[in-house]
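In what follows, a structure is listed as structure tokens, so that the remarks can point back to it.
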Amino acid sequence: MHSPLSLFLIRFSFFFIFFILLFSNQTQQTTLISPVSKDKHTNLFTLSVYLKTPLRPTKLLLDLSFLFPWTVCGDTATYNSSSYHYIDCDETFCEYLGFGNPSLLCQDCYNSNLTSSHCLSPATMVCASYPANPVTNAGDVGYVLVDTLALPGLSRSTHYGQLVSLSNYTFSCAPSYLVKGLPKGVTGLAALGRSKLSVQAQFGSALSTSHSLAICFPGSSESTGVVFFGTHGPYFVFSKSNKIDLSKNLTYTPLIHNPIGITYDFLISPPYNEYYIGLTSIRVNGQHAPINASLLTINKENGFGGTKIATRTPYTLLEPSIYKAFTELFIKEASSSSFNLTVTNPVKPFKVCYSAKGLMVTKKGPKVPIIDFVLDRENVVWRIMGANSMVRVKNKKVDLWCLGFMDGGVKEKTSIVMGGKQLEENLVQFDVESNRLGFFSLLTSHHSLSCADFKVTDFAKHIK
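Numbering-wise (UniProt numbering), the sequence shown opens with residue 1 and increments by one.
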């Protein structure tokens, strides 16, 4: 028999442990956010973070495909931090880190031009890396570095909390020329793919939170979107006096694995790093485009075919025969009595354009045939309306609306690469734990919402 005192102590101990675990669980549910911006010159998306010691606002390219993050740090003028360090060469550990080519895992850091007491002799070997620019495909040899990265936390009351720091953020040092072709002010790349080196995976492992993320892609350079790290929801937008949780309105489709990774000049990327979905057909105005169905599946031997989501291209890329069938059907449906549109002389890089004069525009964009990306054999549809299918080209000479889809050419191994224009004002959740993708298409068509309604301020917007 326990005495009353001992029973009290047992119960007290139980509830003490319970509340400790409950508090621990709440801290583990930390939701982090990062502002997303669209560059008006390149139409690429950027992600804002805090990097280095002391922490500095930093603008990075938002990328859904690359294996690991990298930052320009070729000299002390471009990278000045009191907390960074190299990783000593241990080939087994360097290979485990996964920064590229297993045939060359370490290199001498003596000539890296980075001021470090660690690299005082030519014999100092550290883990090597192979950063690349996914837009230009330029690549080079670099070094693996560790430093501090921080993102704003988000409390349950939707107010921004204090910065949450990751002191062992692991990334690649890259030469400054690798940012050529990227938005101005960008000094590196934020890898948001499915690898263990992605930004969300590194924070998730450190905080014991989800490795999933959700992104609202802004539709203009004047707007700001957001990335949610470490949570499957809620995702609150603010519509006038209402607060709406968009996580409850997502449509889901499975993520598909491609067994063959990407190969750059210096980098061999492992498979399964990109986000593929099971597109089975394309409809225009309800009519199916005549597409070779075999192009929509992934060839397990060479990794060709299929459909993936990528931000490295501003517009969706289509395999040449798919592009031909799709554009011919679009032109046919646009000329029907429902639209009465006639193609006009196009402007580069577009091939299908219409005069803006007389073309009705609503909150869903210009009134043109609706495009449906049919997923899971008719069960799920990603609807693309005029705001996501058409691009306004207006200058002193022309005023046009052009179809924002491109011929991907014969060198693109993926049949359909869903690009940035088709993602604008969409909320997309990459749920890696459940191996599925959730989406809420074109916020502006629902209660006139937009990514700006998440009320996120870009703290790196001043960087040019």
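For glycine and all other residues, C-beta sits at the position ideal for the given N, C-alpha and C. Just so you know, these numbers come straight off a predicted model, no measurement behind them.
Of all the options the options, which has the alpha carbon lying nearest to the alpha carbon of residue i?
i    : options                   : result
F45  : G188, L359, S212 and L197 : G188
E424 : G139, G306, N345 and I215 : I215
V374 : A293, T362 and P366       : A293
L279 : S415, D63 and E95         : S415
R392 : N302, C353 and I256       : C353
D39  : Y272, S336, T224 and E91  : T224
D453 : S355, L250, N242 and I262 : N242
I87  : N80, N101, Q107 and Y79   : Q107
S48  : P183, V432 and C89        : P183
E412 : A325, T313 and D372       : T313
N101 : G305, Y143, L296 and T124 : Y143
G286 : D458, L443, V135 and V381 : V381
G204 : D458, L443, V432 and K300 : V432
If we define contact as Cβ-Cβ less than 7 Å, is residue i a contact residue for chain D?
i    : result
G409 : Of the protein chains in the structure, only one exists, and it is not chain D.
Over the uninterrupted beta strand (DSSP E) stretch that includes residue i, give me the two end residues.
i    : result
A190 : V186 to A191
Q107 : C106 to D108
C402 : D399 to L403
C127 : M125 to S129
L246 : Looking at the DSSP string, L246 is not in any beta strand (DSSP E), and its letter there is neither H nor E.
T307 : T307 to I309
C353 : C353 to S355
I416 : I416 to M418
V146 : G142 to L154
R283 : L279 to V284
G225 : G225 to F229
A214 : L213 to C216
Just curious, the alpha helix (DSSP H) that residue i is in, first and last residue?
i    : result
G386 : G386 to S389
Y323 : P320 to A334
V199 : V199 to L207
F439 : It is not in any alpha helix (DSSP H) - F439 instead sits in the beta strand (DSSP E) that spans R436 to F440.
T92  : E91 to L97
Residue i to residue j, Cα distance in whole Å?
i    : j    : result
D376 : Y276 : 12 Å
M418 : I309 : 5 Å
V368 : T148 : 48 Å
T209 : A334 : 47 Å
V284 : L51  : 45 Å
C451 : W401 : 23 Å
I244 : S441 : 15 Å
L192 : S121 : 35 Å
Y130 : V179 : 14 Å
F238 : N345 : 42 Å
S82  : T53  : 5 Å
F99  : N258 : 20 Å
V226 : L105 : 35 Å
P254 : C109 : 43 Å
L60  : P175 : 15 Å
G303 : L318 : 16 Å
A289 : S281 : 7 Å
S445 : K363 : 6 Å
I331 : K464 : 40 Å
S212 : V398 : 43 Å
G409 : L329 : 19 Å
P366 : V347 : 18 Å
G95  : H41  : Position check: residue 95 holds Glu in this sequence, whereas Gly was assumed. Cα-Cα distance, rounded: 38 Å.
N133 : S336 : 43 Å
G261 : F339 : 43 Å
A150 : Y235 : 21 Å
N25  : I33  : In this prediction, N25 has a pLDDT of 37, which is less than 50 and means its spatial position is unreliable; what the coordinates show is noted afterwards. Between N25 and I33, the C-alpha separation is close to 19 Å.
H462 : G181 : 19 Å
V186 : A138 : 16 Å
T76  : E378 : Low confidence applies here, because T76 scores a pLDDT of 46, under 50, leaving its location unreliable; read the following figure in that light. One C-alpha to the other measures close to 55 Å.
N168 : I370 : 47 Å
Assuming the contact rule is C-beta atoms closer than 8 Å, residue i and residue j should be a hit. Round their C-beta distance to whole Å, please.
i    : j    : result
T170 : L207 : No, T170 and L207 are not in contact; Cβ-Cβ is about 15 Å, not under 8 Å.
K421 : N388 : 6 Å
P57  : A460 : 4 Å
A128 : V141 : 6 Å
M125 : C173 : Incorrect: roughly 15 Å between the Cβ atoms, too far for contact.
M390 : L403 : 6 Å
Report buried or exposed for residue i, applying the criterion of at least 16 other Cβ atoms within 10 angstroms of its Cβ.
i    : result
V72  : buried
G358 : exposed
T31  : buried
T316 : buried
S195 : buried
S448 : exposed
T92  : exposed
G438 : buried
L22  : Because L22 sits at a pLDDT of 32, beneath the cut-off of 50, its placement in the model cannot be relied upon, and the point is left open.
S65  : buried
S434 : exposed
P320 : exposed
L163 : exposed
Quick check: does the Cβ of residue i come within less than 6 Å of any heavy atom belonging to the ligand ZN?
i    : result
N101 : The ligand ZN is absent from the structure shown, which contains no ligands of any kind.
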